[in-house]
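Data block below; observations after.
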Amino acid sequence: MNKVWMKIGMKRRLALLFVGVLVAAFCAAAAAAEKDTLIVADQYDAHTMDPASNSLPTARACYAIYDTLLFIRDGGPAVPGLAESWEFLSDTAYKFNLRKGVKFHNGDEMKASDVRYSIMRATTDIGAEIRTYSQNVKDVEVVDDYTVILHLKEPDYSFFSTLGHNWAAVISEKATEAAGENYAMNPVGTGPFKFVSWQKGDRYVLERFDDYWGPKVKYKTLIVRSIPEPTSRTIELESGGVDIAFPIITNDIKRIEENENLVLYRVTQNSTTFMGFNMSKPPFDDVRVRKAILAALDTVGIQAAVWRGVGKTPTSILPNAVKYSIQPEVPPHKQDVELAKKLLAEAGVTTLKFDVWTNERKERVDMATIIQAQLADLGITTEIKVLEWGAFLSGLLEKSHGAFILGWANTVTDPNYAIAGLLESTAGNNYTATNDKQIDELLRKGRGVMDGPEREAIYKELQRYINETAPMIFLHNDESIAGTQKNVRGFTPSPSELHSFREVYFED
């Protein structure tokens, strides 16, 4: 009897062992499957998949889906993209020799006609947000299927570097025209990832494009989740719910640094966070009021209290990473409450109340709260309005705000675009409603001069003029801070926040 039970027990043990092997194999297979999917936690969702846009979350999506004629990463040299080579025929004519055999995600071959269509489309009302980049384009001449000549209206020595920006991404003319108004939900590019789905406000899903002309991505699926609450991003990273998370807030830096399963990255960011005034509305059309609010604020103290060792307080619109910045020459701003009172009295302002808009980013809400308290000491009343990212941008375009807090990251590290994108009268992102002939003229002059002492003098004069006229108050030069799982390789945060997932891979 005992021998019978021994045999039964042995069979049971063998069965359990077999089940254990199956479970282990299943877990291993599941782990392998997980490693074929990169999950990213972004603070914001993209607001469109159309490259004729100028917001960073959208630019990150576009960098995965689309290619440009040339690639320029973080101020580095231009390298061939969809164009194998190029030559400057004159100050206003650039010739590009296109790659042959490049496929769109719908299987069609990219031709010169698609390049012309893409760039000229950006000069229409569709490209209102990116008019700063496209406004000097006169025409794109199609020489043959693989050659184009881009013609400018006037010389612009800052323009060439913008051709690596998503405004100049090449899209399929056929697919775009067929999709019509629904194109943003049906994007077709030539990039290493093709579009799968998008749940707005939650996530978008991209899949590796196996017919990509360049280096193939080493994993199959890219999922980018929108997680606005900063601590939730960190918790998702700690639990393994995501592979990469950004930005990481000051409070969470140490917990990621001390976690042996995670890696923290910090790089100086070429961005400026500021509080801008809507100068189309009284009393912000009066420079004395704008300068009074600046004088009333302790910007150095605000930055230190909110960011606690991350970044610094700027003294110019241009961060140090952008050439010709005057920051090293300008002393830190000092609060002067008596000057603020004097300027308000000169402007005839006895009571002042306005709203301060910000998106959901915690640090910006915290800065708005301190600003509110400091202005209250002067009898100035502010109402803080916190909006979801898409609603925030839409409202700024409608100019229905009073003041607002926003960051401007320089994906094209040329002083022209660091300033023109925000303050040129024709700029799509001119949320301050600046219409200043001197700013416009200095920008025009700066574009028409090659790099050197003359161009440097123009942009330094321009920065000093902006400081004098105060369309905005400079609050913060940020750092790009991201966290990853220990097994993630090939990811490096971008100083412009245009993070790339093309080179990422997993290491066991």
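Each residue of the sequence shown is one higher than the last, beginning at 415 in our numbering. Every residue gets a Cβ at the ideal spot worked out from N, C-alpha and C, and that includes glycine. Fair warning: this is a prediction, and the values are worked out from it, not measured in the lab.
Annotation for A847: N692, M693, S694, K813 place their beta carbon closer than 7 Å to its own, counting only its chain and skipping 5 residues before and after. DSSP places Y508 outside any alpha helix (DSSP H); the residue lies instead in the beta strand (DSSP E), whose first and last residues are 507–512. Non-local C-beta neighbours of E921 in its own chain, meaning closer than 7 Å and more than five positions away in sequence, comprise N901, R903, ordered along the chain.
F607 is a Cβ neighbour of V631, given a cutoff of 9 Å. Distance from the Cα of A759 is smallest, within the candidate group I731, G725, D481, V703, for V703.
Assignment of beta-bridge partners to Q899 by DSSP yields L676. Straight across, the Cα-Cα distance linking N849 with S908 is about 32 Å. About 11 Å separates the beta carbon of L789 from that of I716, a gap too long to meet the 8 Å contact definition.
Under DSSP, P494 shares a beta bridge with L484. By the criterion of a C-beta distance shorter than 8 Å, T590 is surrounded in its chain by Y531, R535, Y597, V602, once the five residues flanking it on both sides are discounted. Comparing alpha carbon positions, the residue from T687, L651, G594, I798 closest to N673 is L651.
Taking 8 Å as the upper bound for CB-CB distance, T687 and L889 are in contact here, some 5 Å apart. When secondary structure is reduced to three states using DSSP, S739 falls in the coil class, being assigned neither helix nor strand. In the DSSP assignment, the residues bridged to Q613 are R617. Taking a cut-off of 8 Å for Cβ pairs, the stretch 644–662 and the stretch 614–631 do not touch, as fewer than three such pairs fall below it.
Our two residues, V677 and V918, have alpha carbons roughly 14 Å apart in a direct line. In the three-state reduction of the DSSP assignment, A466 falls in the coil class, being assigned neither a helical nor a strand state. Straight-line measurement puts the Cα of Q683 at about 17 Å from the Cα of V720. The DSSP-derived three-state label of I784 is helix. In the structure shown, the three-state DSSP call for E774 is coil.
In the DSSP annotation of this structure, the continuous segment of the beta strand (DSSP E) that includes T795 starts and ends at 794–801.
A check of alpha carbon separations from A834 across S467, I544, L483 identifies I544 as the nearest. Here D456 really is in contact with F660; their C-beta atoms are around 7 Å apart, less than 8 Å.
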